[in-house]
Amino acid sequence: MTHQYFHGSIEVICGPMFSGKTEELIRRVKRAQIAKQRVQIFKPAIDVRYDVEDVVSHSSQSIKSEPVECAVDILLRLKDSTRVVAIDEVQFFDENITTVVSKLAARGYRVICAGLDLDYRAQPFGPMGTLLALADEVVKIHSICTVCGAPATRSQRLSLSQEQILLGETDAYEARCRGHYQYDEAEEQGLLPLEEEIRPLSGLSN
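Using this note's numbering, you'd call the opening residue of the sequence shown number 1206 and step up by one each time.
Printed below as a string of structure tokens:
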């Protein structure tokens, strides 16, 4: 008798705003569907920018999904026949998402996550740092800097809001390269002489 084994995996697609993360997630989902694998797609219920239920990319590609309030809801909604679990805007989920994703992979599911790796302060966004460390595959996609056209890795917030989560499109964000990204604290630090940058890291005093 031949035994068939299903090996789980975690794939994380990340990058700044307008880089095509959701398009890549949709592409992978559609390939899995062509291979006749049962796929369930989830997204955080707070993301209603384009549609209450569908996952929609900035280029208007869309696919049906199930909005959920918290990470544990993903486990509660799983169907027996599902083999692939796709999660869009994963950075918006609570910290339990890392446990949920790990449990799914341990049980043989292929898990595809897409989200912002950095917030508007260029800091790891919510659970993304841990998810990137746990992932079997990481795909980091660049956008295009709106200032110089170079590859962009940062999401420049255009408003003065200090909230980490601020839903918005081109009216609220621009993609920027490292050189043209600006955030007050980071900008001020960048102007310090190198020896002053090193001093607090090495424990040296004046």
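Think of the CB as a built atom: it goes at the ideal place given N, C-alpha and C, for glycine as much as any other residue.
If you draw a straight line from the alpha carbon of residue i to that of residue j, how long is it in whole angstroms?
{"i": "R1381", "j": "L1363", "result": "11 Å"}
{"i": "V1305", "j": "P1221", "result": "24 Å"}
{"i": "Q1387", "j": "L1230", "result": "29 Å"}
{"i": "R1282", "j": "K1235", "result": "21 Å"}
{"i": "I1239", "j": "S1286", "result": "16 Å"}
{"i": "T1351", "j": "D1376", "result": "13 Å"}
{"i": "E1379", "j": "L1323", "result": "13 Å"}
{"i": "P1405", "j": "I1268", "result": "49 Å"}
{"i": "A1237", "j": "S1407", "result": "50 Å"}
{"i": "S1348", "j": "D1341", "result": "23 Å"}
{"i": "H1208", "j": "Y1314", "result": "With a pLDDT of 40 at H1208, under the threshold of 50, the predicted position of this residue should be treated as unreliable, and no value is reported."}
{"i": "T1303", "j": "G1384", "result": "32 Å"}
{"i": "A1355", "j": "K1284", "result": "43 Å"}
{"i": "E1393", "j": "Q1361", "result": "Summary for E1393: the model assigns pLDDT 47, below 50, so the residue's position carries little reliability; its value from the coordinates is reported in the next sentence. Near 16 Å, if we compare the C-alpha coordinates of Q1361 and E1393."}
Does the beta-carbon of residue i, which I'm using as the reference point, lie nearer than 7 Å to any heavy atom of the ligand GTP?
{"i": "T1351", "result": "Looking at this structure, you won't find the ligand GTP or any other ligand, since it has none at all."}
Does the Cβ-Cβ distance between residue i and residue j come in under 8 Å?
{"i": "F1298", "j": "E1271", "result": "no"}
{"i": "A1310", "j": "D1293", "result": "no"}
{"i": "R1243", "j": "R1288", "result": "yes"}
{"i": "V1316", "j": "V1290", "result": "yes"}
{"i": "L1337", "j": "F1330", "result": "no"}
{"i": "N1301", "j": "V1273", "result": "no"}
Strictly under 8 Å for the Cβ-Cβ distance: is residue i near chain B by that measure?
{"i": "C1275", "result": "Included in the structure is just one protein chain, with no chain B present."}
Classify residue i: buried if its beta carbon has 16 or more other beta carbons within 10 angstroms, exposed otherwise.
{"i": "I1215", "result": "buried"}
{"i": "K1241", "result": "exposed"}
{"i": "K1226", "result": "buried"}
{"i": "A1357", "result": "buried"}
{"i": "I1251", "result": "exposed"}
{"i": "I1403", "result": "exposed"}
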